[in-house]
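Using our numbering, read the sequence shown as starting at 58 and increasing by one per residue. Every residue gets a Cβ at the ideal spot worked out from N, C-alpha and C, and that includes glycine. Beneath this line is the structure, given in structure tokens, with notes to follow.
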Amino acid sequence: MTSYDVLIIGSGPAGLWAAEELAKKKPGLSIAIIEKGSFSSGGLMNDCKLNLSTDIGMELDELKISRQEAEKYIQEIDAKFLELGADQKLHGTEQKEIDKWVTRARRCGVDLVACKQRHVGTDESKNLINKYKAQLESLKVKFFLNREVKSIRRKDERFLLTTNKGELRSKFLLVAPGRDGAYWFRKQASRLKIKYSWGPIDVGVRIEMPSEIYDPITDIIYDPKFKFITKTHHDKTRTFCTNKGGKVRIEPANGKGFSLINGDALKRVKTQNTNFAILNTINLTEPYADTLEMGRDIAKETVRLGGGKPIIQRMGDFLAGNRSKMSTFFDKAKHYDTLKPTLPIGIAVVPGDITLAYRGRIIDNIRDTIIALDKIIPGIADAPNLIYAPEIKFYDTKYFTSQGLETNVPNLFIAGDGVGKSRGIVGAAMTGMIAARGIIKKIS
């Protein structure tokens with residue numbers, strides 16, 4: 058059995074930035090990263106969009122740090138991306154134009170959060186990740202790829218990890234499983250008696266439309282973040298993950314029993330379409346508070362109604378409460394033939410009725426959001442536009458941690474989106490650094 062000082066589960070931004078922090082601050086440590094996939098990546102491989110603001114992707118109160126401290130982390134993370142070859146171009150710097158959009162949104166009762174952003178692109182991110190991996194390997198960080206952790210046990214004040222390729226042991230353990238591993242880790246946490254509570258979950262859809270509709274704002278703000286209080290139920294919704302000239306894509310099931318919708322964009326090759334998500338934030342209290350299970354149920358039901366595939370629906374059908382059908386999906390009379398989806402119909406997704414798959418309250422909130430957004434940017438609600446489901450973000454379980462992100466189980470630290478400590482690449486990388494410094498403090 059191989060033993061290490063620190064084992065890191067997950068090679069997304071949280072795991073990679075934690076490994077560098079540990080390797081540079083404590084060069085004598087033996088460190089290994091365990092990744093169930095064949096490539097070190099996590100969320101970095103999907104579009105790789107950086108929001109360089111403390112207002113997006115992180116909760117400072119949850120992390121127990123000040124805004125000034127967070128800004129220092131963001132500067133370090135951005136500098137690392139530039140060192141690795143990220144595009145020097147910074148979006149969101151034209152403040153006068155941004156102010157016009159903020160005012161326009163406010164007149165419609167909507168908040169627009171704008172910040173400086175950097176876009177790497179799915180095609181460029183692989184080179185960036187390979188370069189970072191090589192740097193970490195030169196610092197003696199070991200990578201175990203295609204290595205899936207089946208269980209975590211605590212034995213003799215050490216952690217024993219059973220994987221599909223044998224056992225590994227460590228004194229310190231950092232778990233950064235990403236959103237895809239959220240459900241897996243909660244099972245492990247229950248066995249280890251790690252304290253947690255349920256937090257909110259984001260359930261929504263992805264909108265796809267001709268780029269020309271959204272160009273007026275994406276030319277100024279690469280990924281605009283609109284925040285809404287819905288008209289019908291006064292619930293919170295927001296736009297998320299805009300991909301100008303991008304594609305809608307499928308997140309594979311990976312044993313979950315359902316696939317999800319997402320989107321990304323390449324740096325060098327563009328489509329004629331733009332996509333973004335509308336997410337409805339849902340909190341549950343009593344008698345049922347498990348938002349993770351609720352999200353899984355919604356995803357399973359949606360894919361079940363799609364015959365094992367996610368559902369696609371025309372905007373006109375969705376707003377009218379009608380099911381989209383294969384026979385009328387490109388109906389010329391309704392101008393449905395003017396917009397082709399970036400996912401193949403019948404192969405990746407199937408026409409159907411999202412209003413049948415989702416709870417009525419969620420549908421009301423999504424519909425209210427589309428109508429409100431159409432007032433700010435006319436064309437969002439055009440009938441030929443496309444809606445995909447399910448799009449669900451699993452960062453709902455909240456684990457109780459110290460300032461250094463240590464759980465109540467001694468020497469077990471957590472970081473990233475999958476454990477509810479961040480919502481995005483920059484926030485995840487920051488939590489990885491915080492956890493690494495927490496480990497270093499205990500060692501010292």
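Residue i, DSSP secondary structure in three states
i, result
"Gln329", "coil"
"Lys391", "helix"
"Ile437", "coil"
"Ile131", "helix"
"Gly261", "strand"
"Gln145", "coil"
"Gly417", "helix"
"Val466", "coil"
"Tyr240", "helix"
"Ser169", "Here residue 169 turns out to be Leu, not Ser, going by the sequence shown. It is a strand residue."
"Pro344", "coil"
"Pro367", "coil"
"Asp431", "helix"
"Asp474", "helix"
"Lys250", "coil"
"Thr150", "coil"
"Asn422", "helix"
"Phe216", "strand"
"Phe201", "strand"
"Asp453", "coil"
"Asp410", "coil"
Residue span of the beta strand (DSSP E) that contains residue i, given as start and end
i, result
"Leu400", "Here Leu400 belongs to no beta strand (DSSP E), and DSSP marks it neither H nor E."
"Tyr253", "253-255"
"Phe229", "223-232"
"Gln460", "No beta strand (DSSP E) contains Gln460, which DSSP labels as neither H nor E."
"Tyr445", "443-450"
"Val305", "304-308"
"Lys212", "206-212"
"Arg175", "174-176"
Cβ-based neighbour list, residue i, same chain, cut-off 8 Å, excluding 5 preceding and 5 following
i, result
"Ala310", "Ser316"
"Ile497", "Glu78, Leu79, Lys82, Lys83"
"Trp255", "Leu341, Ala346, Asp347, Thr348, Leu349, Asp453, Thr454, Lys455"
"Met102", "Phe96, Thr179, Ser182, Lys183, Ile186"
"Lys301", "Ser268, Tyr271, Asp272, Thr275, Tyr279, Ala322, Lys327, Thr331"
"Gln145", "Leu139"
"Ala472", "Ala71, Gly72, Ala75, Leu231, Val232, Ala233, Leu462, Lys478, Ser479, Ala485, Thr488, Gly489, Ile491, Ala492"
Close Cβ partners of residue i (< 6 Å) along its chain, the five nearest in sequence each way excluded
i, result
"Phe386", "Pro408"
"Gly121", "The sequence as given places Lys at residue 121; Gly does not occur at that position. Closer than 6 Å at Cβ, skipping near neighbours: Gln460."
"Lys370", "Before going on, a small fix: residue 370 reads as Gln here, not Lys. Closer than 6 Å at the Cβ level, and outside the excluded window around Gln370, lie Ser381, Ile411, Ile444."
"Arg210", "Leu217"
"Tyr61", "Ser87, Ala89, Ser227"
"Thr426", "Phe285, Thr294, Ile335"
"Ala239", "Phe451, Gly475"
Where the alpha helix (DSSP H) containing residue i begins and where it ends
i, result
"Gly352", "348-362"
"Phe315", "Element bounds for Phe315: n/a, residue is neither H nor E."
"Ser182", "179-195"
"Arg480", "Where Arg480 is concerned, there is no enclosing alpha helix (DSSP H), given that its DSSP letter is neither H nor E."
"Lys81", "70-82"
Same chain, Cβ closer than 7 Å to residue i, five either side skipped, listed in chain order
i, result
"Ala486", "Pro70, Ala71, Trp74, Ile134"
"Pro257", "Thr338, Ile339, Asn340, Thr348, Asp453"
"His290", "Arg418, Asp421, Asn422"
"Lys188", "Leu141, Gly142"
Identified DSSP bridge partners for residue i
i, result
"Val63", "Ile88, Phe229"
"Met266", "Thr331"
"Gln245", "DSSP lists no partner for Gln245."
"Thr160", "Thr160 pairs with nothing; no bridge assigned."
"Thr49", "The shown model of the chain, from 58 to 501, leaves out residue 49, and the question about it has no answer."
"Arg494", "DSSP, once it has assigned bridges, lists no residue as partnering Arg494."
"Asp374", "According to DSSP, which records beta bridges pairwise, Asp374 is partnered with nothing at all."
Pick out the complete beta strand (DSSP E) segments inside the stretch 95-125, 3 residues or longer, and give them in chain order. Correct list: 106-108.
To test your reading of the DSSP string, which unbroken beta strand (DSSP E) runs of 3 or more residues are found completely within the stretch 270-302? Fully enclosed beta strand (DSSP E) runs of 3 or longer: 282-286, 293-300.
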